[in-house]
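J.: One structure is given below, represented as structure tokens, and several questions about it will come after.
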């Protein structure tokens with residue numbers, strides 16, 4: 014039996030048509046959810062966020078930082094928990110090792126009541142996020158002030174230095 018051109022065209026069209034219908038909306042939804050979970054999981058990796066203008070020194074340390082009281086020393090300011098307590102110029106101009114506004118702020122934080130007993134020791138820990146170009150004398154003053162405010166456990170925040178294997 015001979016097919017008409019219209020029947021040949023219909024046969025070709027039926028042969029080339031696939032029965033699989035791909036729903037792109039569902040696929041986009043799946044990838045969006047996957048991307049959301051990947052980003053939320055990656056955001057938990059870095060606990061401390063570094064403020065603008067602060068360049069941390071590099072280290073190959075493997076320990077994960079804990080949640081503590083954070084003192085940021087930028088080239089211009091000294092911040093405790095994001096609040097500016099003194100400028101670097103004021104801190105360097107004060108004689109001795111005590112920075113009075115910093116000690117007052119740390120004493121206020123230390124006087125907060127701890128709800129759970131196991132968190133009492135964690136309340137006296139301090140993390141210093143110091144710019145890598147700050148003078149050692151300023152870092153020494155901040156550490157001495159923290160010690161006088163009874164913050165005995167002091168840690169330094171650094172960026173992780175990845176070693177390139179060749």
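Numbering (the working numbering), first residue to last: 14 to 179.
Glycine is no exception: its CB is placed at the ideal position from the N, C-alpha and C atoms.
Predicted model only: the values in this text are computed from it and were never measured.
So, residue 159 versus residue 167, is the Cβ gap smaller than 7 Å?
T.: Within the chain shown, residue 159 is the residue found at index 146, counting from 1. Within the chain shown, residue 167 is the residue found at index 154, counting from 1. It is a contact, given that the beta carbons lie within the stated cut-off.
J.: Of the choices 138, 153, 162, 146, whose alpha-carbon is the least far from that of residue 83?
T.: Counting from 1 along the chain shown, the entry for residue 83 is found at position 70. Of the listed residues, the one whose Cα sits closest to residue 83 is 138.
J.: According to DSSP, residue 92 sits in a beta bridge with which residue or residues?
T.: On the chain shown, residue 92 is found 79 positions in, with the first residue counted as 1. Answer by DSSP bridge pairing, in chain order: 85, 97.
J.: Distance check for residue 80 and residue 147, CA to CA, integer angstroms please.
T.: Your numbering for residue 147 matches position 134 in the chain shown. Your numbering for residue 80 matches position 67 in the chain shown. For residue 147 and residue 80, the distance between alpha carbons rounds to 24 Å.
J.: Using DSSP with H/G/I as helix, E/B as strand and the rest coil, what is residue 111?
T.: Within the chain shown, numbered from 1, the residue matching residue 111 stands at position 98. Coil, per DSSP.
J.: Taking only the alpha-carbon atoms, compute the straight-line gap between residue 144 and residue 41 and give it to the nearest angstrom.
T.: Along the chain shown, one-based indexing puts residue 144 at 131. Along the chain shown, one-based indexing puts residue 41 at 28. Cα-Cα distance, rounded: 42 Å.
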